[in-house]
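Undergrad: Take this structure first; my questions come after.
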Amino acid sequence: MNEEIDITKLETPELLELIQDDLYDGLADEVVASVNELLAREMTPYDVLNQGLVAGMDIVGKDFRDGILFVPEVLMAAKAMKAGMEILRPLLVETGAPQIGTLVIGTVKGDIHDIGKNLVSMMMEGAGFNVINLGINTDVDAFLAAIREHKPDILGMSAMLTTTMPYMGVVIEALEEQGLREQLLVLVGGAPLNDAFAEEIRADAYCRDAAVGVEKAKKLLAIKRGQPN
Ligand code: B12
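If you want our numbering, it's the 1-based position in the sequence shown plus 44.
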């Protein structure tokens, strides 16, 4: 148990490993303590996120897939991940980057996975986007209403289930029917997606992770606005 471990005495690689173990065991307080310790050692919030939290969640994902972990354990791990993310959030966001655009993002109808989407939201905020996060289980009407209200440059949709990913196509068709598609870039992401699927549903790009999302958002927006680079 963690009470017996003096985290200040651990080497940074050991501490990163501990975060992954504690995330796996759903120990939110311990994850928070280690995140704070790594930040105190001047590791960047981005590295703490990727080398600690995201790496830990990858292990959880593999064991969930292989039937070693079950929903209650994964939920505990998700809670611990969120607790760690809450500390990193203001740090990732406080870049003072000028606003470069608006993003409306949501997890599609029927799907309650939100860790990846929230990570994308944070990284986009950090990159200077104004982010409107519609949450989980977002239906086409909610997407359309938010687009009309906020007039975003980018729509981001997330789906983690093979059964919910086709709904992204439903939203894009509705955008086309309502004459809203042309004004937007549509970025999609989630574990079961790929480039071919994004092309099939006429999204502008599939993004394998949040960093790629930021990169593509900036690049495609610059092209759309006719700005070189
Ligand atoms: C955590 C988790 C849960 C948690 C969710 C908690 C939460 N608040 O999100 C709980 C326990 C609730 C859950 C429930 C279920 N889950 Co689940 N879950 C996972 C798990 C282990 C991790 C997902 C995660 O958070 N990853 C970490 C984040 C950081 O990564 P990410 O989500 O992939 O996001 C990144 C990229 O994909 C990308 N991205 C994602 N979205 C977007 C959007 C945009 C715009 C951009 C730019 C980028 C982007 O950027 C993100 C950050 O880098 C995955 C396993 C896996 N390998 O993904 C299964 C997984 C997704 N679940 C699965 C299943 C089957 C279910 C359930 C149906 C289980 C059940 N029988 O009840 C339910 C579904 C409930 C529902 N209706 O949605 C399957 C899906 C299989 C499939 N192909 O359809 C998976 C793949 C596990 C498996 N291999 O069996 N799950």
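By construction, the Cβ of each residue, glycine as well, lies at the ideal position given by its N, Cα and C atoms.
Can you tell me where the alpha helix (DSSP H) holding T56 begins and where it ends?
TA: In the sequence shown, counting from the first residue as 1, residue 56 sits at position 12. It spans 56–68 - the alpha helix (DSSP H) in which T56 sits, taken as one unbroken run.
Undergrad: Name the two residues that bound the continuous alpha helix (DSSP H) containing F241.
TA: Along the sequence shown, one-based indexing puts residue 241 at 197. Unbroken alpha helix (DSSP H) run through F241: 239–244.
Undergrad: Name, in chain order, the residues that DSSP records as bridge partners for A249.
TA: Your numbering for residue 249 matches position 205 in the sequence shown. In the DSSP output, where bridge partners are listed per residue, A249 has L231.
Undergrad: In terms of residue numbering, what span does the alpha helix (DSSP H) encompassing L163 cover?
TA: Locating residue 163 in the sequence shown gives position 119, counting from the first residue. Per DSSP, L163 belongs to the alpha helix (DSSP H) from 159–170.
Undergrad: On the DSSP letters alone, give me the boundaries of the beta strand (DSSP E) that V175 sits inside.
TA: Here residue 175 refers to the residue found at position 131 when the sequence shown is read from its first residue. From DSSP, the beta strand (DSSP E) with V175 extends over 173–177.
Undergrad: When you compare only the Cα positions, how much space is there between A247 and V175?
TA: Stepping through the sequence shown from its first residue, residue 247 is reached at position 203. Stepping through the sequence shown from its first residue, residue 175 is reached at position 131. Going from the Cα of A247 to the Cα of V175 covers about 19 Å.
Undergrad: Would you kindly work out how many angstroms separate the C-alpha atoms of M87 and E117, rounded to a whole number?
TA: Taking the sequence shown and counting its residues from 1, the one referred to as residue 87 is at position 43. Taking the sequence shown and counting its residues from 1, the one referred to as residue 117 is at position 73. Going by the C-alpha atoms only, they are around 28 Å apart.
Undergrad: Would you say the beta carbon of F173 comes nearer than 7 Å to a heavy atom of the ligand B12?
TA: Numbered from 1 along the sequence shown, position 129 holds the residue referred to as residue 173. No, the ligand B12 has no heavy atom inside 7 Å of this Cβ.
Undergrad: Helix or strand or just coil, what does DSSP make of A255?
TA: Counting from one through the sequence shown, the residue named residue 255 turns up at place 211. Of the three classes helix, strand and coil, the one that applies to A255 here is helix, per DSSP.
Undergrad: Using 8 Å for Cβ pairs, my map puts I63 next to V79. What's the rounded Cβ distance?
TA: Numbered from its first residue, the sequence shown carries residue 63 at position 19. Numbered from its first residue, the sequence shown carries residue 79 at position 35. Confirmed, about 7 Å.
Undergrad: Are there any heavy atoms of the ligand B12 lying less than 7 Å away from the beta-carbon of T207, as far as the coordinates show?
TA: Position 163 of the sequence shown holds residue 207. Checking every heavy atom of the ligand B12 against the Cβ of T207, one is found closer than 7 Å.
Undergrad: Verify the contact flag: I144, CB atom, against every heavy atom of the ligand B12, threshold strictly below 7 Å.
TA: The residue you call residue 144 lines up with position 100 of the sequence shown. Checking every heavy atom of the ligand B12 against the Cβ of I144, none is found closer than 7 Å.
Undergrad: If you drop the 5 nearest sequence neighbours on each side, which residues of the same chain put their C-beta closer than 6 Å to that of I245?
TA: For this step, residue 245 is matched to residue 201 along the sequence shown. Answer for I245: M212, G213, I216, listed in chain order.
Undergrad: Could you give the distance in angstroms between the alpha-carbon of G24 and the alpha-carbon of D50?
TA: As displayed, the chain neither begins before 45 nor continues past 273, which places residue 24 out of reach and without an answer.
Undergrad: Would you list the residues sitting across from G150 in a DSSP beta bridge?
TA: In the sequence shown, residue 150 corresponds to position 106, counting from 1. DSSP lists M201 as partners of G150.
Undergrad: Are the region 165–183 and the region 146–154 touching by the rule of at least three beta carbon pairs closer than 8 Å?
TA: Result yes; three or more Cβ-Cβ pairs closer than 8 Å.
Undergrad: Curious, which full-length beta strand (DSSP E) runs of at least 3 residues does the region 117–146 contain?
TA: With a minimum length of 3 residues, no continuous beta strand (DSSP E) run stays inside the region 117–146.
Undergrad: Can you tell me whether DSSP reads T52 as helix, strand or coil?
TA: Numbered from 1 along the sequence shown, position 8 holds the residue referred to as residue 52. In this structure, T52 counts as helix in the three-state DSSP scheme.
Undergrad: When DSSP labels each residue in this structure, what does M45 get in the three-state scheme?
TA: As a working mapping, residue 45 is identified with position 1 in the sequence shown. With a pLDDT of 47 at M45, under the threshold of 50, the predicted position of this residue should be treated as unreliable, though the coordinate-derived value follows. Here M45 sits in coil by DSSP.
Undergrad: When burial is assigned at 16 or more other CB atoms within 10 Å of the CB, is R274 buried or exposed?
TA: Residue 274 falls outside the range modelled here, since the chain spans only 45 to 273, and no answer is possible.
Undergrad: Using the C-alpha atoms, what's the distance from K53 back to N238?
TA: Taking the first residue of the sequence shown as position 1, residue 238 is located at position 194. Taking the first residue of the sequence shown as position 1, residue 53 is located at position 9. Going by the C-alpha atoms only, they are around 43 Å apart.
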